[in-house]
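Peer 1: Residue numbers (the numbering used here): 7 to 262. Idealized CB from N, CA, C, for every residue including glycine. Computed from a prediction, not measured in an experiment: that's the story for all the values here.
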Ligand SMILES: NC(=O)c1ccc[n+]([C@@H]2O[C@H](COP(=O)([O-])OP(=O)(O)OC[C@H]3O[C@@H](n4cnc5c(N)ncnc54)[C@H](O)[C@@H]3O)[C@@H](O)[C@H]2O)c1
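1. For residue 146, which residues does DSSP report across the bridge?
2. Would you kindly work out how many angstroms separate the C-alpha atoms of residue 108 and residue 163, rounded to a whole number?
3. Does any heavy atom of ligand 1 sit closer than 7 Å to the C-beta of residue 105?
4. Terminal residues of the continuous alpha helix (DSSP H) containing residue 123?
5. Could you spell out the range, first to last residue, of the alpha helix (DSSP H) harbouring residue 88?
6. Can you find the residues in the same chain that come closer than 6 Å, C-beta to C-beta, to residue 37, ignoring five residues on each side of it along the sequence?
7. Name the residue from 247, 23, 231 and 122 whose alpha carbon lies nearest to the alpha carbon of residue 257.
8. Going along the chain, which residues of its own chain have a beta-carbon closer than 8 Å to the beta-carbon of residue 192, five neighbours each way excluded?
9. With H, G and I counted as helix, E and B as strand and the rest as coil, what does DSSP make of residue 247?
10. Nearest-angstrom Cα distance between residue 48 and residue 55?
11. Report all residues from its chain with a CB closer than 7 Å to the CB of residue 122; omit the five preceding and five following residues, and keep chain order.
12. Tell me the DSSP secondary structure of residue 113 in three-state form.
13. Taking 8 Å as the threshold (C-beta atoms), are residue 190 and residue 94 in contact?
14. In the structure shown, what three-state DSSP assignment does residue 195 receive?
15. Which same chain residues, not among the five before or five after residue 143, have their C-beta less than 7 Å away from its C-beta?
16. Looking at the strands, I want to know which residues DSSP matches up with residue 69.
17. Suppose the cutoff is 8 Å on Cβ atoms and the five residues either side in sequence are ignored; what does the same chain contact list for residue 226 look like?
18. Report yes if the C-beta distance between residue 165 and residue 102 is below 8 Å; otherwise report no.
19. For residue 27 and residue 21, which I take to be in contact (beta-carbon distance under 8 Å), what is that distance rounded to the nearest angstrom?
20. Could you check if residue 251 belongs to the surroundings of ligand 1, using beta carbon to heavy atom distance under 7 Å?
21. Residue 96: buried (16+ other C-beta within 10 angstroms of its C-beta) or exposed?
22. Output the boundary residues of the alpha helix (DSSP H) element that contains residue 172.
23. Which of helix, strand or coil does DSSP assign to residue 256?
24. What is the rounded straight-line gap between the Cα of residue 248 and the Cα of residue 52?
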């Protein structure tokens with residue numbers, strides 16, 4: 007067995023321009039994967055792909071709004087044609103309004119956009135990737151949810167609903183696609199991404215309350231904590247793991 011866990015694998019990660027997505031791209035590349043980055047911001051798509059390429063693997067970065075079906079299907083097709091297939095799909099990109107609003111003040115527009123960029127995006131990416139995973143003899147999907155959903159944090163109604171929808175979708179796909187050799191798992195992370203830093207600044211009290219729930223008493227690192235956990239689920243080390251949610255959050259969600 008190769009020493010590098012993702013040698014010869016092709017990974018597509020959404021939202022890989024910064025934060026956790028970038029951490030996943032770097033962690034996967036360090037384990038030998040070629041990495042495609044589908045990212046809303048064309049500049050960070052390019053800089054992340056350059057960082058990944060500098061690690062000695064192939065990488066492409068292209069602009070993509072995962073909140074539209076055409077872009078999701080385009081990202082999957084571009085990855086398959088430019089890198090030669092897809093073995094691992096990581097649905098990491100997400101949008102939600104920051105700061106959040108109470109449920110009764112949530113607009114239809116915010117609810118819809120949050121569902122589109124989280125739940126619909128994950129559905130569109132999974133459906134479009136499925137034939138490519140099959141063509142490679144199976145594969146692994148890692149979707150991103152949140153303990154905002156599992157806890158039901160205030161002011162997060164659209165986000166919590168979307169993220170819990172992703173967990174349900176993932177469990178169904180694990181059942182339906184398991185016989186085809188496709189594993190589907192979910193990570194609920196807690197890490198010091200730019201998105202997290204922005205949230206800590208706009209909602210300092212909610213942030214402080216959430217930090218106090220972490221038994222390990224630190225905020226996770228996008229690459230070393232979340233990226234490496236994603237590599238574990240993507241790799242054959244997790245060959246007998248599917249339909250699960252892994253809380254990579256210092257123990258906050260898992261000890262609830
Ligand atoms: N950071 C945490 O502690 C935390 C906690 C719970 C859940 N999460 C989840 O982890 C994932 C990554 O979060 P993060 O903290 O790194 O976020 P972030 O905001 O720091 O980065 C998100 C990335 O996704 C990109 N993106 C946003 N909308 C997009 C779209 N429509 N199409 C394509 N790309 C888009 C952004 O440009 C950015 O590069 C998300 O699914 C988030 O909900 C993070």
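Peer 2: This is what the structure holds:
1. 94 and 189
2. 7 Å
3. no
4. That residue, residue 123, is in no alpha helix (DSSP H); it is neither H nor E in DSSP.
5. Segment 75-89, the alpha helix (DSSP H) holding residue 88.
6. 10, 11, 12 and 237
7. 231
8. 148, 149, 150, 151, 172, 173, 176, 250, 251 and 252
9. coil
10. 11 Å
11. 73
12. coil
13. no
14. strand
15. 187
16. 45
17. 195, 196, 197, 198, 232, 254, 255 and 256
18. yes
19. Their Cβ separation, rounded to whole angstroms, is 4 Å, which keeps residue 27 and residue 21 in contact under 8 Å.
20. no
21. Flag for residue 96 reads buried.
22. 163-183 is the extent of the alpha helix (DSSP H) around residue 172.
23. coil
24. 32 Å
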